[in-house]
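Trainee: Position 23 of the sequence shown, counting from 1, maps to 23 under full-length UniProt numbering, and the rest follow consecutively. Each residue gets a CB set at the ideal place from its N, CA and C atoms; glycine is no exception. None of the values given here were measured: they were computed from a predicted structure.
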Amino acid sequence: MAKNLLIVESPAKAKTINKYLGKDFTVLASYGHVRDLVPKEGAVDPAHGFAMRYDLIEKNERHVEAIAKAAKAADALYLATDPDREGEAISWHIAEILRERGLLEGKPLHRVVFTEITPRAIREAMTQPRQIAADLVDAQQARRALDYLVGFNLSPVLWRKVQRGLSAGRVQSPALRMIVEREEEIEAFVAREYWSIEAECAHPSQPFTAKLVKLDGKKFEQFTVTDGDSAQAARERIAQAAGGALHVTDVASKERKRRPSPPFTTSTLQQEAARKLGFTTKRTMQVAQKLYEGVAIGEEGTVGLISYMRTDSVNLSAEALAELRDVIARDFGTRALPDKPNFYTTKSKNAQEAHEAVRPTSALRTPAQVARFLSDDERRLYELIWKRAVASQMVPATLNTVSVDLAAGSAHGFRASGTTVVDPGFLAVYEEGKDTRGKDDEDEGRKLPPMKPGERVPLDRIHADQHFTQPPPRFTEAALVKALEEYGIGRPSTYASIIQTLLFRKYVEMESRSFRPTDVGRAVSNFLSSHFTRYVDYDFTARLEDELDAVSRGEEEWVPLMEKFWGPFKELVDDKTESVDRSEATGARELGTDPKSGKPVSVRLGRYGPYAQIGTAEDADKPTFASLRPGQSMHTIALADALELFRLPRKLGESGGEQVSVGIGRFGPFAKRGSVYASLKKEDDPYTIDLARAVALIEEKEEIARNRIIKEFPGSDIQVLNGRYGPYISDGKLNGRIPKDREPASLTLEEVTQLLEETGKPMRGRFGKKAVAKKAPAKAVKKTAAKKAPATKVAKKTAKKAAKKTTRKAAGKAATKARRAAVRKPVAAPAEAAGSLSTPAKGVRGRKRVVKKAPTGDDAPF
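1. Could you spell out the range, first to last residue, of the alpha helix (DSSP H) harbouring Ser307?
2. For Phe527, report the span of its alpha helix (DSSP H) as first-last.
3. Closer than 7 Å by C-beta to Gly418: which residues in its own chain qualify, once you throw out the five before and the five after it? Chain order, please.
4. Whole-angstrom Cβ separation of Pro727 and Leu734, contact assumed at under 8 Å?
5. When DSSP builds the beta bridges, which residues end up paired with residue 889?
6. Using 10 angstroms around the beta-carbon of Val190, count the other beta-carbons present and answer buried if the total reaches 16, otherwise exposed.
7. With distances taken Cα to Cα, identify the nearest neighbour of residue 868 among Ala288, Gln470 and Thr688.
8. Taking all protein chains shown into account, do 16 or more other C-beta atoms lie within 10 angstroms of the C-beta of Lys13, making it buried, or fewer, making it exposed?
9. Is the closest heavy atom of the ligand MN to the C-beta of Tyr148 under 7 Å?
10. Which residues in the same chain have their Cβ closer than 6 Å to the Cβ of Lys72, if we skip the five residues on either side of it in sequence?
11. With which residues is Gly663 paired in a DSSP beta bridge?
12. Under the rule that 16 or more other beta-carbon atoms within 10 Å means buried, what is Ser836, buried or exposed?
13. Could you tell me which residues DSSP pairs with Gln232 in its beta bridges?
14. State yes or no: is the C-beta of Ile122 within less than 8 Å of the C-beta of Leu21?
15. What residue range does the beta strand (DSSP E) around Asp460 cover?
16. Can the beta-carbon of Pro669 be found closer than 8 Å to that of Val662?
17. In whole angstroms, give me the CA-to-CA distance for Val213 and His203.
18. What residues are listed by DSSP as bridge partners for Trp558?
19. For Val603, which option in Tyr382, Asp619 and Thr586 has the closest C-alpha, if you only look at C-alpha atoms?
20. Please name the residue in Thr476, Lys3 and Thr366 whose C-alpha comes closest to that of Leu176.
21. Looking at the structure shown, is Asp423 part of a helix, part of a strand, or coil, going by DSSP?
22. For the candidate residues Ala76, Asp82, Thr115 and Arg85, whose alpha-carbon lies nearest to that of Glu105?
23. If you draw a straight line from the C-alpha of Arg335 to the C-alpha of Val559, how long is it?
24. Check Ala821 in the structure and name its three-state DSSP category.
25. Would you kindly report the start and end of the unbroken alpha helix (DSSP H) that includes Ile489?
26. Name the DSSP beta bridge partners of Val251, please?
27. Beta-carbon within less than 6 Å of Tyr78's beta-carbon, same chain only, minus the 5 sequence neighbours each way: which residues are those?
28. I'd like to know if the region 364 to 382 and the region 224 to 238 are in contact, where contact means that at least 3 CB-CB pairs between them fall below 8 Å.
29. Quick check on Lys161: does DSSP put it in helix, strand or coil?
30. For residue 897, write down the residues that DSSP places opposite it in a beta bridge.
31. What are the partner residues of Glu193, as DSSP defines its beta bridges?
32. Nearest-angstrom Cα distance between Gln140 and Ile306?
33. Which value, in whole angstroms, describes the spacing of the CA atoms of Arg380 and Pro119?
34. Could you check which residue in Asp423, Glu584 and Gln206 has the C-alpha nearest to that of Pro458?
35. Express the C-alpha separation of Arg144 and Lys797 in angstroms, rounding to a whole number.
36. Measuring CA to CA, which of Ala233, Gly165 and Val171 is closest to Val146?
This is how it looks when you write it as structure tokens:
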């Protein structure tokens, strides 16, 4: 065993670093967080200084045991988890576990930090060890406790008032609110008509177009002309005044500089990868993690290609700057190199946690040189990071903008503009992507012919074009990340998890790469915005993030911060639990009156989603219900569309002397003939399907059923059946496998009985039938007993071995339980932190007790 033990988070990182440190070090991985809050109420105790109870994360127990075993034999320990709050908390948890087991006595414990996985960076970090940073741990603990308390107290309110199984989170709720409010803006938007007028000029050197800027002596604005007749009349007046030509009245030329963008932070990397590569935030972070942890690069071996990818900083180290400048001078010439390095100021108030921007660990490794060692995703993302870093240290681009004013008589005027690149500067390497609906510079790259004041430019024609104002666009991933960063909500390392949580909870859906809130998501957001306004307020959430940052800097204590938050929050939760009416909380809408029954038609949110309802609970007859169709929303559906839903079930006609109908059940749309049901295919619409198609689906189902049974055995429930994945054995309760070398139809009753005993597993799904006990004939019992008698000794021996194995397993479990119990005790504030991996469980339906699990950190599911 090596003298020194170094612990990192991921096995890939451990493998890479182990090669750098040599035989004196053992490098092990914790596989992320090792402890989390116990998954039940009371894990955070506000009455005792917000003391927190922890438990080992079950899936990582064996990794903890491996670390403990290695720590016992090691002379010194080094904690090298990630250089942020989460990484600091993981190091602290590992240290606490080892300390509680008495494995740190007399042994030095070092915290080492590096932002890139290269031999130089690792060696340098090992020479500069420090202690675990209590301020960072406190900040992570406060964040974890806040998220736990919000989730555990707010989610049950949603269960009672909106829908079972829902949950709310401190950071995700404001993000959901953004998406919902944008959708409401889109729905409330009323388009306005407007017309633009352009002149097509036939200049001898080069034709070009010019926009109308003055009409009848007044400035021409967006809504100056709002109908076709006015546009046509204006076009005719201008044409008559122009007399076939426009006259140049002014030519202005202006040179300007455009500076390069700074190197990537986490959020700008996510935005740019979404715009240029089409990556989701999750995909970006997964690929970046691989590039950071290390890739095998030929003879060079495994090396990290980029610096740490969770950072708010735009700084670059002196070594990185020097190397970038060398590459620029070598590949683009000294004209592309500024006299001094370019320095950038971060927008983040707390950018000291990871001290550098996302950059290549060596700019000398060009994308072309490493491309053959990378996957396609890795190659594309590395190229993006490399080019952005290189461009950030190049000279600005020099652009020349020319603007020409042209007159049509004395009352009307046009303007044409063009921008050309005089010196590309950094644009030779990289240009920042733009949102598809952003305000792009239409004139960039457009070159106008040379013109002088007084010059007469032939007029080809004047045309007028109709336009309508557009609603604000839905948020794309890039736009949402940008908005969250601008508001100061969450932190860049959490954005990917926030988005994944919203999608996983089905609070939002992706539609044309944009977020559309579901009815459930809107109900949650509107409920929280109405009754917990302060806690989904953008400014409040941002201020709370700032206070957590202040804790990480040692400027504020975490327990007073928790106390300031907890009192008013708990009081509001208790009040709303009793006072809010459920129908108001779910956003029920009355659409109008059913013309047939005269009863009110409404839409509501129920246990299984949004539905339409005719009638009320107070009516003598029970209300009738119909689920909304995919793509329909209870917030936008009209009365006519809601009434259309009640056309089901539809009677299509007769087939084989039996009625054929279609409807929608709990498991989706179906066709029915007699007692036979057949699910409709994805392409089938229950509202439009015809009789022939429905009969075809039913007969296909019947054909499958006829061919399902390969063999039956009189007097036995066991059958040999054809299944989706091939032949198998079933008695209605257990399913068993058939050996590949056996012909299913040739199996005997004795063989299938034995196979079912050896390989049988309980049936899953809704089709398993309840087993009915049958008394076997006396002769069969006697015969079976006689056959099994010789195996009695073997059976006893097997049972004895099984008993021993069970005893050993039970003892092992008891030992594990004891170890886990040892770390469950409440720990006094303030120097603690928790993990962020467990997720809240959905409420158990019916009368069963609802089991709550601890919500996770600021990147946690609701």
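Mentor: In this structure, then:
1. As a position in the sequence shown, residue 307 is number 307, starting the count at 1. That residue, Ser307, is in no alpha helix (DSSP H); it is neither H nor E in DSSP.
2. One-based indexing of the sequence shown puts residue 527 at position 527. Where Phe527 is concerned, the enclosing alpha helix (DSSP H) starts and stops at Asp519 to His531.
3. For this step, residue 418 is matched to residue 418 along the sequence shown. Excluding residues within five positions, the ones whose Cβ falls inside 7 Å are Val402, Asp443, Arg446, Lys447 and Leu448.
4. As a working note, residue 727 is residue 727 in the sequence shown. As a working note, residue 734 is residue 734 in the sequence shown. Not really, about 15 Å apart at Cβ, beyond 8 Å.
5. Nothing can be reported for residue 889: it is not among the residues displayed for the chain, which extend from 1 to 862.
6. Within the sequence shown, the letter at position 190 stands for residue 190. By the 10 Å Cβ count, Val190 comes out exposed.
7. It is not possible to answer for residue 868, since the shown part of the chain is limited to 1 through 862.
8. The residue you call residue 13 lines up with position 13 of the sequence shown. Buried, since its Cβ has 16 or more Cβ neighbours within 10 Å.
9. Absence of the ligand MN from the depicted structure is noted, as is the absence of any ligand whatsoever, leaving it without description.
10. To locate residue 72, count along the sequence shown from 1; it is residue 72. Only Leu103 meet the Cβ criterion.
11. Within the sequence shown, the letter at position 663 stands for residue 663. Answer by DSSP bridge pairing, in chain order: Phe670.
12. In the sequence shown, residue 836 corresponds to position 836, counting from 1. Bear in mind that the predicted position of Ser836 carries a pLDDT of just 30, short of 50, making it too unreliable to give a figure here.
13. To locate residue 232, count along the sequence shown from 1; it is residue 232. Answer is none; Gln232 lacks a bridge partner.
14. To locate residue 122, count along the sequence shown from 1; it is residue 122. To locate residue 21, count along the sequence shown from 1; it is residue 21. The Cβ-Cβ distance between Ile122 and Leu21 falls below 8 Å.
15. Along the sequence shown, one-based indexing puts residue 460 at 460. Note, Asp460: beta strand (DSSP E), Arg456 to Phe468.
16. On the sequence shown, position 669 is the one that residue 669 refers to. On the sequence shown, position 662 is the one that residue 662 refers to. A contact, by the Cβ cut-off of 8 Å.
17. Looking up residue 213 in the sequence shown gives position 213. Looking up residue 203 in the sequence shown gives position 203. So the alpha carbons of these two residues sit roughly 20 Å apart.
18. As a first step, residue 558 must be located in the sequence shown, where it is residue number 558. In the DSSP output, where bridge partners are listed per residue, Trp558 has none listed.
19. For this step, residue 603 is matched to residue 603 along the sequence shown. The shortest Cα separation from Val603 among Tyr382, Asp619 and Thr586 belongs to Thr586.
20. Looking up residue 176 in the sequence shown gives position 176. When only C-alpha atoms are compared, the closest one is Thr476.
21. Position 423 of the sequence shown holds residue 423. If DSSP states are grouped into helix, strand and coil, Asp423 belongs with the strands.
22. For the purposes of this step, residue 105 is taken as residue 105 along the sequence shown, with counting starting at 1. When only C-alpha atoms are compared, the closest one is Ala76.
23. As a working mapping, residue 335 is identified with position 335 in the sequence shown. As a working mapping, residue 559 is identified with position 559 in the sequence shown. Spanning the two alpha carbons is a distance of roughly 56 Å.
24. As a first step, residue 821 is located in the sequence shown; it is residue number 821 there, counting from the start. Note that Ala821 scores a pLDDT of 42, beneath 50, so its modelled location is shaky; the value from the coordinates is reported in the next line. Three-state DSSP puts Ala821 in a helix.
25. Walking along the sequence shown from the start, residue 489 turns up at place 489. From DSSP, Ile489 is part of no alpha helix (DSSP H); its letter is neither H nor E.
26. Sequence index remark: in the sequence shown, residue 251 carries index 251 (1-based). According to DSSP, Val251 bridges with Val404.
27. Along the sequence shown, read from residue 1 onward, the residue named residue 78 stands at position 78. Correct list, in chain order: Leu6, His110 and Val112.
28. no
29. The residue you call residue 161 lines up with position 161 of the sequence shown. Of the three classes helix, strand and coil, the one that applies to Lys161 here is helix, per DSSP.
30. What is shown of the chain runs 1 to 862, which leaves residue 897 out entirely.
31. Locating residue 193 in the sequence shown gives position 193, where the first residue counts as 1. Beta-bridge pairing links Glu193 to Phe468.
32. The sequence position of residue 140 within the sequence shown is 140, counting from 1. The sequence position of residue 306 within the sequence shown is 306, counting from 1. Straight-line Cα distance between these residues: approximately 25 Å.
33. The count along the sequence shown starts at 1 and reaches residue 380 at position 380. The count along the sequence shown starts at 1 and reaches residue 119 at position 119. Taking the straight line from one Cα to the other gives about 25 Å.
34. Taking the sequence shown and counting its residues from 1, one reaches residue 458 at position 458. Closest option to Pro458, Cα to Cα, is Gln206.
35. Translated into the one-based positions of the sequence shown, residue 797 becomes position 797. Translated into the one-based positions of the sequence shown, residue 144 becomes position 144. Bear in mind that the predicted position of Lys797 carries a pLDDT of just 44, short of 50, making it too unreliable to give a figure here.
36. Numbered from its first residue, the sequence shown carries residue 146 at position 146. Just to set this straight, residue 146 is Leu in the shown sequence, not Val. Among Ala233, Gly165 and Val171, the Cα nearest to that of Leu146 belongs to Val171.
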